[in-house]
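Q: Heads up: the sequence shown is residues 220 to 467, going by my numbering. One structure, as structure tokens, below. Some questions next.
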Amino acid sequence: MELACGPASRYQLTAAMIEAMDPAPAGLIIASPANPTGTIIGHEDLAAIAAVCQARGIRIVSDEIYHGLSYVGPTHSMLEFAPDALIINSFSKYFSMAGWRLGWLVAPDDLREAARAYVGNLFLTAPSLSQHAGLAAMDDIVELEGHVATYARNRQLLLAALPELGLTAIAPPDGAFYIWADIGHLTDDSMGFCKRLLADTGVATAPGVDFDPVDGHRFIRFSFAVSTPEIEEAIGRLIPWFADQALS
Ligand SMILES: Cc1ncc(COP(=O)(O)O)c(C=O)c1O
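Have a look at this one:
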């Protein structure tokens, strides 16, 4: 079952939504910071979600793959509030190792053997070369924090440019490396819009329909996980293109 999360809840689940679910589900998946919005569930709201899940016997699966990529202070792990939660993480984001197929799961004692059996049957083990690369990446915090500084700079540049693109309705860009923007004043076909944008300017964005089959037709996702010169170049191409769209 999917729950609709809009701007009123920063595109995130709330404890009240979980409280209202009837019947209570066996489990619940949350992601903070989230893809495609980048929004973060605050410390108190995480605690409230954990409390309602504990009271209703709902197992939490917390996807924390964007931890370390926050522009509004430290991110809190669900483990702080729900010791029996399943925590998912990966080397793909903070460690910049997308494609290396390396991640981890923190499982509570009662699920450890079941998790081991699933992992063993589904893919046996993560590639050993990737595990060695992961060890090296974990020791290079200076380089990794340099990436975060680049994303922070890119985010500022993009946020400053958005009004010039006429994009004023965005999700709070707390973390990850995305901006989720409403383009409903320009189109109700985000897929066609992104295709035209790519063909005309060479700038790739993700259409909202990739993430949200209900309202995604009027949203677009920008990623700023590139170099700062690339962001500057992209913004230079986007401004005249969006100006043309507003006129046509
Ligand atoms: C929220 C979230 N979870 C999980 C993944 C999967 O990452 P990977 O399979 O590369 O570890 C992604 C990738 O974009 C993501 O955005």
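Beta carbons: idealized from backbone N, C-alpha and C, even for Gly. Keep in mind that this is a model prediction, so the values were computed, not measured.
With DSSP collapsed to three states, give me the class of Tyr230.
A: Tyr230: coil per DSSP, three-state reduction.
Q: Please report the straight-line C-alpha distance between Ala368 and Phe412, rounded to a whole angstrom.
A: Whole-angstrom Cα-Cα distance: 30 Å.
Q: Is the CB-CB distance between Ala395 and Asn254 below 8 Å?
A: Yes; because the gap between Cβ atoms is below 8 Å, this pair is in contact.
Q: Please indicate yes or no: does the CB of Ala250 lie closer than 7 Å to some heavy atom of ligand 1?
A: Flag set: Cβ of Ala250 near ligand 1.
Q: Note down, one range per segment and in chain order, each alpha helix (DSSP H) of at least 4 residues found wholly within the segment 247 to 285.
A: As far as the segment 247 to 285 is concerned, its whole alpha helix (DSSP H) runs of at least 4 residues are 262 to 275.
Q: Quick one: grab the DSSP three-state call for Trp323.
A: Of the three classes helix, strand and coil, the one that applies to Trp323 here is strand, per DSSP.
Q: Would the segment 432 to 450 count as touching the segment 357 to 377 if we require 3 or more Cβ pairs under 8 Å?
A: Yes, the segment 432 to 450 is in contact with the segment 357 to 377.
Q: For His262, which residues from the same chain have a beta carbon less than 8 Å from its beta carbon, with the 5 sequence-adjacent residues on both sides left out?
A: So the qualifying residues of the chain are His295.
Q: In the DSSP assignment, what are the bridge partners of Arg440?
A: The partner list for Arg440 (beta bridge, DSSP) reads Trp399, Ala425.
Q: Flag this pair as yes or no: are the beta carbons of Ile454 and Leu377 separated by less than 8 Å?
A: Cβ atoms of Ile454 and Leu377: closer than 8 Å.
Q: With respect to 7 Å, is the separation between the Cβ of Ile284 and the closest non-hydrogen atom of ligand 1 below this value?
A: For ligand 1, at least one heavy atom lies less than 7 Å from the Cβ of Ile284.
Q: Can you give me the C-alpha to C-alpha distance between Ser251 and Val325, rounded to a whole angstrom?
A: Approximately 16 Å between the Cα atoms of the pair.
Q: Only counting the same chain, and skipping five residues up and downstream in sequence, which positions put a Cβ closer than 8 Å to that of Ala270?
A: The answer, listed in chain order, is Ala234, Phe300.
Q: Output the residue ranges of the beta strand (DSSP E) runs that lie fully inside the segment 289 to 346 and measure 3 residues or longer, sorted by chain position.
A: Those beta strand (DSSP E) runs which fall completely within the segment 289 to 346 and span 3+ residues are 305 to 309, 322 to 325.
Q: Within this structure, are the beta carbons of Thr256 and Tyr230 separated by less than 8 Å?
A: Taking 8 Å as the Cβ cut-off, Thr256 and Tyr230 qualify as a contacting pair.
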